[in-house]
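>
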Amino acid sequence: MDYVFLTHFHPDHSGDLFAFQMNLRLSDIFLEKGLEKLPTIFGPKGIESFTKRLSEVYELPAFYDWDKIKYKVYGKSEELSNLVAKAYKVEHKAFRPSHAYALRFEYDGKVFAFSGDSTKCEGLERAAKDADLFICDTSYDKDHGSPAHLNTYEIGEVAVKSNVKKVILTHIYPNLEKVDLASEVKEKYQGEIVVGEDLMEIEV
Ligand SMILES: [Zn+2]
Ligand SMILES: [Zn+2]
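Heads up: the sequence shown begins at 24 in the numbering used here, then just goes up one per residue.
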């Protein structure tokens, strides 16, 4: 793996990161020559100390002096071989504001955007601009809303404003599994809508 992109620190978006790093660390110790390639981990400000502080919490301080994993705080734009990755600050206030980003990847003339956790805001609209594929936080139905997440009507509005070609609904809580979320989004947006499932593969 070359790169990891963290949208924000909430555990439903970062819970696997430490376990993943631990596996890399152990492989590096036990493989004769160590690992030749390690990923760069991109994230909000504090991404490196996030790992170091978790080392303390997990009583596994193996990351304090291990500098083979590189960390990078989101800047304006990253050119990574043929891929351009951009991060846009978004509004995501779950009890208190978080350092949350939507992500945009441009590759071979195609654009893939991911909302992370976000409300309807300028950063999200810019990240999704003209996206071929927009994977979007779908935490609420049309009758509910919050300062932390989008509802289905807001998804439709963002998709129209940003001229998105296809929307994948994700981040769906169990209470919404029986709601026809795609039909609600369709009331605002006439493009293609797919309800995301684990391990789904989509060609762009
Ligand atoms: Zn969150
Ligand atoms: Zn979340």
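Ideal Cβ placement from N, Cα and C applies to all residues, glycine included.
Name the residue from 155, 25, 196 whose alpha carbon lies nearest to the alpha carbon of residue 215.
Translated into the one-based positions of the sequence shown, residue 215 becomes position 192. Nearest C-alpha to residue 215: 155.
> Would you mind sorting residue 200 into buried or exposed? The rule is 16 or more other CB atoms within 10 Å of its CB.
Residue numbering aside, residue 200 sits at position 177 when the sequence shown is read from its first letter. The residue is exposed, with fewer than 16 neighbouring Cβ atoms inside 10 Å.
> Taking the continuous alpha helix (DSSP H) assigned at residue 47, which residues delimit it?
By one-based count along the sequence shown, residue 47 stands at place 24. First-last of the alpha helix (DSSP H) with residue 47: 40-53.
> Roughly how many whole angstroms lie between the Cα atoms of residue 148 and residue 52?
In the sequence shown, counting from the first residue as 1, residue 148 sits at position 125. In the sequence shown, counting from the first residue as 1, residue 52 sits at position 29. Roughly 44 angstroms between the two C-alpha positions.
> Using three-state DSSP, classify residue 160 as helix, strand or coil.
Indexing the sequence shown from 1 puts residue 160 at position 137. Reduced to three states, the DSSP call for residue 160 is strand.
> Quick one: grab the DSSP three-state call for residue 101.
Mapped onto the sequence shown, residue 101 falls at position 78. If DSSP states are grouped into helix, strand and coil, residue 101 belongs with the strands.
> Quick one, are the C-beta atoms of residue 195 and residue 161 less than 8 angstroms apart?
Within the sequence shown, numbered from 1, the residue matching residue 195 stands at position 172. Within the sequence shown, numbered from 1, the residue matching residue 161 stands at position 138. Closer than 8 angstroms, so yes.
> Under 7 angstroms, CB to any heavy atom of ligand 1. Which residues pass, going along the chain?
Every residue passing the under-7 angstroms Cβ criterion appears here: 31, 33, 35, 36, 115, 117, 121, 123, 140, 171.
> Within 10 angstroms of its Cβ, does residue 166 collect 16 or more other Cβ (buried), or is it exposed?
Residue numbering aside, residue 166 sits at position 143 when the sequence shown is read from its first letter. Counting Cβ neighbours within 10 Å, residue 166 comes out exposed, since fewer than 16 surround it.
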